[in-house]
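Novice: Below you'll find the structure I mean.
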Amino acid sequence: MDPLSWTGQIAFLNPVLALGLGLLGLSVLAWIGLSSLLPENRAITPSGAGLSLPTGPRELSGLVVRLAFLLTAAVIAAYLVLGLALGTGAGIIGAIAQRLLPVWIALVLLFALSIRFKQRLGLYGKLFDSPIGMIGFGLVMFWVFTGIFGAFDLIITHDPLAQLSGLKNKVPGTPLPRPEDGDFQWYLLGGDNLARDVFSRMVKGAWEVVKIAPLATLFAFMAGITLGLPAGYFGGRIDTILSFLANLILAFPVILLFYLLVTPEIVQTGLPQYMAAVLFAFPLIFFTVLINARFRTQPQQNRLWLSVVLIPLVWGYFSLINQTGSKINFLPQSLDLFNIPGGILVVFVSVVFVNSPTVFRIVRGLTMDIKTRDYVAAAQTRGERPWYIMLWEVLPNARGPLIVDFCLRIGYTTILLGTLGFFGLGLPPESPDWGSTINEGRKLLAIYLHPALPPAFALLSLVLGLNLLADGLREESMKD
Amino acid sequence: MSKMAEYDGPILEIDKLSISFFTRRHEIPAVMDFSVSVQPGEAVGLVGESGCGKSTVALGVMQDLGKNGRIVGGNIRFKGRDLAEMSADELRDIRGNEIAMIYQEPMASLNPAMKIGRQLMEVPMIHEGLGEKEAYDRALEVVTDVRLPDPERMLQAYPHQLSGGQQQRIVIAMALMSKPALLILDEPTTALDVTVEAAVVELVRDLGKKYGTSMLFISHNLGLILETCDRLCVMYSGEAVERGSISEVFDDMQHPYTQALFRSIPLPGADKNAHPLVAIPGNFPLPHERPQGCNFGPRCDYFEPGRCDQGEIEMSPVAGNDRHATRCLKHLEIDWAAPITLAEQKEKTQPGKVVLQVDNLKKYYEVAANALFGGGAKRVVKANETLSFAARESETLAIVGESGCGKSTFAKVLMGLETATEGEILLDGNNIEQTAIEDRDTRTISDVQMVFQNPFDTLNPSMTVGRQIIRALEVFDFGSSDQDRKQRMLELLDLVKLPRAFANRMPRQLSGGQKQRVGIARAFSGGARIVVADEPVSALDVSVQAAVTDLLMEIQRKEKTTLLFISHDLSIVRYLSDRVMVMYLGHVVELGDTDQVFSPPYHPYTEALLSAVPIADTSVEKQHIVLEGDIPSAMDPPSGCPFQTRCRWKSEVPGGLCETTVPPTREMQAGHQIKCHLSDEMLARMSPVITVAAE
Ligand SMILES: Nc1ncnc2c1ncn2[C@@H]1O[C@H](COP(=O)(O)OP(=O)(O)OP(=O)(O)O)[C@@H](O)[C@H]1O
Ligand code: SF4
Ligand code: SF4
Ligand SMILES: [Mg+2]
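Below you can see the structure in the form of structure tokens.
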């Protein structure tokens, strides 16, 4: 087999892309320059005059920017479409585009359905009115789908842990020296230091991130909300104490905390597990209070809902913190649903621990604002209990800023996971997560660039997508 | 730059102006085909409900429509020059120098970090290149002109050290610094109290005369327009519907909307049977949902299908009147003098037994003098001082007073959100003043309910309307199943005259008046016997106020509720209440039947309050009483009589008694009490504040 070039038969697109990018760069520069120098055109355009060509250099440069952007986007789309059709014939790009076929299908379906029904989808639907939000959402969902399909072994070309001799540090597009039947013939993005396939490891790494980051952020939110609501609502001493604790945690050096938590001596004492026991209890408290407040006046319904929700939650909670052969070990083996590997537990605990004080402060601020509204007073005058007011009157109306922050925070958590992986903390050494992969690639960066770049790029684009998504959500939620 | 050359045509001419805002989804035509002209020295009023485009016109004149607003037709000429043809520099100069604008919220125009003197001096220093000394003298002059006490000290103060009324005066002073040719005032007094508002309005009117400034005065209050302007323009849903001089529009109106507007506001002085409130049916159309033809069509009594709903309707002059125009096809056919067709008169139920008895109630707050460290001396805020009254079944008791007088504090104590410092509140003979809401039983809680002021805040924005009412029913232990409660919820919607389909709507899909109705339904859901309504209609548009007020009274009649109606609007109080209680700085200064309170003898504060109410009726003569100064802070109340700092009768009381002793509460007639030192002879000499001129 021949090595694959980057673009194969669609190499003819390269000059067009270069042209588009060049034009885009130049026109953006010109546009920035012109709009800061020239005054705004305030001419009255009579209504109904239809689309008139813009006049003046300022408007013209704006138009050129838009055209250049469209050209570039069209070329990129052409790469993908042709690549899909030609597969390996279109070089590495084509092969990757083809491997990602399920992701493309899922994305197209998702966008088509969402745009079709966007009127009925509330804030999520409005996201599709904002180009920024759509791009962000697209990037995020790209990695989410990649992670999910990767987890089903759909996209990957090789076992991410298998080492094939002769492919150590080989450049992208290198063919397998001794392919067996049914094997994919190339290492699309080359081989790493241990002769593993970089492409497959990147795809598998996406799953690691998609699986841990949102969940850890969710737990951080549960803790932050459960503490932030009473602090903001009651104020006074509770607020003073909780705020002080939050500031204390925020002032603690994060990396030091991680190092402490993974130190074997500390793990021996069971500290991470005790912390997990506390932090993971917040969702339990949250849901108990939520249901109890809602059905206070209807004891029967209350009991029903509490049992439906709490029994699985409590069971899950116990399985989570229970670990055979560790400090917390009281559940019989048969009842322990799952075991979280110690490393991942530490990652979870640290992420929740570090993120929740910030969430706490946001929730507290929002609560202090919302509690002055008349509908809160109305709830008070009909004798509602404080927790009902906090969870059903205040919290739902704080959701806008919280959702935005949730997106941003998944981004931070992703970076944090990367950092942890980079320092080799928490996750097992051979784990394909992006942080660890970047770290391994780093060691030979001067000689072989390719193993470190794909995960770095993946991390960058996911976090960028999350930030854009948050921006889009913020913009759209303000428009209501 | 110097002012434009002498020019003697109209100062401002707006001709067929159309302004649209562009959102991603659609174009919102905010103003359409709007024309008005302002002559030198003339004050023109712009009235209309919120959302009708008043402020957009003002911003259009300032050429400050923001990113997505654009003038899509017509033009605006200032002193004969088209604003659209001016360069950005010329415009900037005109904006600071020749046109000044005053906004509703004074703090929005003041820089909180800069001394007032400097802010004022900057204006002529930047625009006219005046020297420091001249600028200071000019600043001193205008601050004296806006009648601020101690002008020199004022110039050294920061904005936050002044009260709302003083801040608004400073904003006016700042506008006058450049001696503008045109002053645009956008609801300049809405954020102020009635008596302060009256003083500011008088100031604006006098200054207009003194400086010869033309004014564009924007307000939703017809009474204020009557007091300040020479001409007015009534707007409805983006269009001018009627334009003319004050007397023409007030006494010889030629548009059904203007007529409906006048019929929907209560006028004190008019008898409620001879001049009943007539609500305008329906709601204000949203800008992108305007009907075909006449915008007012769907709500108009004279609507004629096939004629009023066809195509554009032009503004047409009214024959015989000078510069009077109307946008109604049928104005020649309508009999404008026809009497109002009276709805059937509902018999007022007689007040029954006493339900609520308040005795010597006091509520003091302790505030730490030093907020940061909590220690040190505590200061006491006396929010309620010896409140005593009784309220009977199916009676409406109005509680009147300006902000900070303790109305809301009393409501909080009654509801159990706070406990009383002293005295007692008896509900059916049981003490509740010390029982906080958590300790009250369900019956007591559902008996005493509240309707809130701000319709945009009164409903939880993320819960459906039906769910919110059902929740109240759940808390009040109504019914035994979800089915019962659902049924009752639908009945409550019927009660407040909302379609049952609204149960599944979110609050943001409702108009202000509709939200307020849901608030009322929620308050009555537990069969409330006492309902505290805290300014329930003051935040609503004039045309829906009447409907909500009527609804409240109708439910009250049906349910025999005791209504405690908190308000500062004496017109509406006169219209609906049986008894009135006037409060000032925590004290009840006057209490009596509506007729007793609204006719002499008055308490001096009541007298001033009555005189401050703007009345939209040219036949009403008012005594002119302007209170000096602002309401003192409750943290630091004056010694003796609470009203002594502003009272104009104080000199009639011998021996400086007013400054040393709190006056006793005196019974004037049966059930009429006044808290004042004035002798009976003095009180008897008072003349009525409001008189209706004989026709
Ligand atoms: N919790 C509190 N702590 C300290 N002072 C308070 C508190 N609540 C009210 N006050 C003071 O009590 C006085 C009466 O206030 P209240 O809110 O009852 O006035 P109000 O007549 O309802 O005014 P508005 O019409 O503006 O609502 C004010 O001076 C206010 O500052
Ligand atoms: S044009 Fe017709 S609908 Fe419009 S105000 Fe006149 S009578 Fe009423
Ligand atoms: S007691 Fe004196 S100061 Fe007070 S209201 Fe009467 S006359 Fe005025
Ligand atoms: Mg109040």
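So the sequences go chain by chain: V and S.
Going by this note's numbering, the first sequence opens with residue 1, and the numbers climb by one from there.
Going by this note's numbering, the second sequence opens with residue 1, and the numbers climb by one from there.
A virtual CB, placed ideally from N, CA and C, is assigned to each residue, including glycine.
#1: By the DSSP assignment, the beta strand (DSSP E) with S:R500 in it spans what residues?
#2: Taking any heavy atom of ligand 2 as the mark, which residues have a C-beta closer than 5 Å to it, listed down the chain?
#3: In chain S, what lies closer than 8 Å to V:R373 by C-beta?
#4: Please say whether S:T561 and S:S394 have beta carbons closer to each other than 8 Å?
#5: Listed from N- to C-terminal order along the chain, which residues in the segment 484–513 of chain S have their beta-carbon within a distance smaller than 8 Å of any beta-carbon of chain V?
#6: Between V:N247 and chain S, is the shortest Cβ-Cβ distance under 8 Å, so that the two count as touching?
#7: Suppose the cutoff is 7 Å on Cβ atoms and the five residues either side in sequence are ignored; what does the same chain contact list for V:L279 look like?
#8: Judging by CA-CA distance, which residue of S:D322, S:P317, S:N321, S:R290 is the nearest neighbour of S:Q310?
#9: Nearest CA to the CA of V:A73: which residue from V:F128, V:Q98, V:L13?
#10: Only counting the same chain, and skipping five residues up and downstream in sequence, which positions put a Cβ closer than 7 Å to that of S:K407?
#11: Quick check on this structure: which residue in V:R364, V:T413, V:A377, V:T381 has the alpha carbon closest to the alpha carbon of V:R399?
#12: For S:L678, verify whether its CB is less than 7 Å away from any heavy atom of ligand 3.
#13: Please report the residue range of the beta strand (DSSP E) in which S:V44 lies.
#14: Quick check on DSSP: helix, strand or coil for V:F339?
#15: Ends of the beta strand (DSSP E) at S:H587?
#16: Chain V partners of S:I445, CB-CB under 9 Å?
#17: Going by DSSP, what residues sit across from S:G73 in a beta bridge?
#18: Tell me whether the segment 218–227 of chain S and the segment 10–20 of chain S touch, counting them as touching only if at least three CB pairs, one residue from each stretch, are closer than 8 Å.
#19: What residue does the beta strand (DSSP E) around S:P29 start on, and which one ends it?
#20: Is the shortest distance between the beta-carbon of S:P663 and the beta-carbons of chain V less than 8 Å?
#21: Round the Cβ separation of S:I28 and S:I99 to the nearest angstrom and send it over; I've been treating them as touching at under 8 Å.
#22: Taking the alpha helix (DSSP H) that S:R118 falls in, what are its first and last residues?
#23: Buried or exposed for S:M635, please, with buried defined as at least 16 other CB atoms from any protein chain shown within 10 angstroms of its CB.
#24: At the level of alpha carbons, what is the spacing between S:E424 and S:R153?
#25: Could you tell me if S:K133 is buried or exposed, where buried requires 16 or more neighbouring beta carbons within 10 angstroms of its beta carbon?
#26: Classify V:I115 as buried or exposed, calling it buried when 16 or more other Cβ atoms lie within 10 Å of its own Cβ.
#27: Looking only at its chain, what residues have a beta carbon closer than 8 Å to the beta carbon of V:V309, apart from the 5 residues adjacent to it on each side?
#28: Would a check of beta-carbon distances place V:A378 closer than 8 Å to chain S?
#29: Which whole-angstrom value describes the C-beta separation of S:K382 and S:Y364, a residue pair presumed to lie in contact below a C-beta threshold of 8 Å?
#30: Should S:M114 be labelled buried (16 or more other beta-carbon atoms within 10 Å of its own) or exposed?
#31: Near S:E366, which residues of its chain fall below 7 Å by C-beta distance, leaving aside the five closest residues on each side in sequence?
#32: Counting only the same chain and skipping the five closest in sequence on each side, list residues whose C-beta sits under 6 Å from that of S:H324.
#33: For S:S462, which residues in chain V fall below 8 Å Cβ to Cβ?
#34: With which residues is S:T691 paired in a DSSP beta bridge?
#35: On a CA-only basis, which of S:S577, S:M682, S:T419, S:K675 is nearest S:P266? Give me that one, please.
#36: Between the C-alpha atoms of S:H568 and S:C233, what's the straight-line distance to the nearest angstrom?
Specialist: Checking against the coordinates, here is how it stands:
#1: Where S:R500 is concerned, there is no enclosing beta strand (DSSP E), given that its DSSP letter is neither H nor E.
#2: S:P256, S:C294, S:F296, S:G297, S:C300, S:Y302, S:F303, S:C308, S:C328, S:L329, S:K330
#3: D457
#4: yes
#5: R508
#6: no
#7: F219, A223, V349, V352, F353
#8: S:R290
#9: V:L13
#10: I399, G401, I566, M583
#11: V:R364
#12: yes
#13: 43–47
#14: Correcting the residue identity first, residue 339 of chain V is Asn in this sequence and not Phe. Looking at V:N339 - three-state DSSP - the assignment turns out to be coil, as it is neither helix nor strand.
#15: 587–593
#16: T381, R382, G383
#17: S:S18
#18: no
#19: 27–38
#20: no
#21: Rounded, the Cβ-Cβ distance is 25 Å, inconsistent with contact.
#22: 116–127
#23: exposed
#24: 45 Å
#25: exposed
#26: exposed
#27: F287, I291
#28: yes
#29: 5 Å
#30: exposed
#31: K378, V380
#32: G244, E248, V318
#33: P396, N397, R399
#34: S:E621
#35: S:S577
#36: 27 Å
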